[in-house]
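Engineer: Under the working numbering, the first residue of the sequence shown is numbered 77, with each subsequent residue one higher. Just dropping this structure here.
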Amino acid sequence: MVSRGPHTTAVPSSSPPQPDLAPRDADVHLERDVFLRTLLRHLSGALEDVIGVRDASGFVSVVGQRMGDELGAEYKRALGVERLPAEQLGAVLVDLKRRIGGTFRVVEETEDRIVFVNGACPFGDKVVGRPSLCMMTSNVFGSIAADTMGYAKVQIEQAIARGDAGCLVTVYLRPSERASAAEGREYVRE
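Shown next as structure tokens:
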């Protein structure tokens, strides 16, 4: 019915048929984790499109640094230490990624560096094509390693975000010729 002044006109109903399912019973692939990963994908994508991958990576780095500081403090609290022991650093970084859905593992560990491989990104398939999100790994690993060792340089040689089958990440633990030659970001204890 449509009311026009003192007259009412009947309007034929053209509403679509009602679904058999209630919305809460529909097979919608949505839960908080997927929603938040998708949100991060679109946010990083918008930044990359508007200001470029390099500057978007800078913004993600700021967030990653804060996350690294918070997560490092949480591990120190949980382990009851003022500074993470150097011999536990690799295990802490692997555990951190495991808790958020990554499959990082150490393939080489020396007093100069730790090399990690990974086959599943915590951001899932939402990371593909969003290389700025790799700055989360770089900054979280870098800030925790630098807090432990005084210095770190993180090199991400392969990344799921860039279309590689997995990630290859090297964390250099002290300045060296090899670390200097590596492309990556440096971190120092504050």
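Just so you know, even glycine gets a beta-carbon here, dropped at the ideal spot from N, CA and C.
Between Y263 and A221, is the Cβ-Cβ spacing less than 8 angstroms?
Structural biologist: Cβ atoms of Y263 and A221: closer than 8 angstroms.
Engineer: Should the stretch 196-208 be regarded as contacting the stretch 145-159, the criterion being three or more beta carbon pairs within less than 8 angstroms?
Structural biologist: These segments do not touch.
Engineer: D101 to M212, Cα distance in whole Å?
Structural biologist: Their Cα atoms are separated by approximately 36 angstroms.
Engineer: Buried or exposed: which applies to E253, given that a residue is buried once 16 or more other Cβ atoms fall within 10 Å of its Cβ?
Structural biologist: It is exposed - the Cβ of E253 has fewer than 16 other Cβ atoms within 10 Å.
Engineer: Among R117, V168 and D125, which one has its Cα closest to the Cα of G218?
Structural biologist: Ranking the options by Cα distance to G218, first place goes to V168.
Engineer: Going by the beta-carbon positions, is the gap between A228 and C210 smaller than 8 angstroms?
Structural biologist: It is not a contact, given that the beta carbons lie outside the stated cut-off.
Engineer: What residue does the alpha helix (DSSP H) around Q141 start on, and which one ends it?
Structural biologist: Note, Q141: alpha helix (DSSP H), V129 to L155.
Engineer: For D240, tell me which candidate among G195, R261 and L249 has the shortest Cα-Cα distance.
Structural biologist: If we check each option's Cα against that of D240, G195 comes out closest.
Engineer: Once DSSP output is grouped into helix, strand and coil, what is the label at T179?
Structural biologist: Of the three classes helix, strand and coil, the one that applies to T179 here is coil, per DSSP.
Engineer: Going by other Cβ atoms of all chains shown within 10 Å of its Cβ, with 16 needed for buried, is A257 buried or exposed?
Structural biologist: By the neighbour-count rule (16 or more Cβ atoms within 10 Å), A257 is not buried but exposed.
Engineer: Taking P251 as the reference, which of Q164, A122 and G226 has the closest Cα?
Structural biologist: Nearest option by C-alpha distance: G226.
Engineer: Which residues share a DSSP beta bridge with L244?
Structural biologist: Paired residue(s): V193 and Q234.
Engineer: Taking the continuous beta strand (DSSP E) assigned at E262, which residues delimit it?
Structural biologist: Counting along the chain, the beta strand (DSSP E) containing E262 begins and ends at R261 to V264.
Engineer: Excluding the 5 residues flanking Q141 on each side, which residues of the same chain have their C-beta closer than 6 angstroms to its C-beta?
Structural biologist: Excluding positions up to five away in sequence, the list reads N215 and S219.
Engineer: Mapping DSSP to helix, strand and coil, what is E124?
Structural biologist: Helix, per DSSP.
Engineer: In whole angstroms, what is the alpha-carbon distance linking D103 and V110?
Structural biologist: C-alpha separation (whole angstroms): 14 angstroms.
Engineer: Could you give the distance in angstroms between the alpha-carbon of L267 and the alpha-carbon of R108?
Structural biologist: Given a span of 77 to 266 for the chain in the structure shown, any question on residue 267 remains unanswerable.
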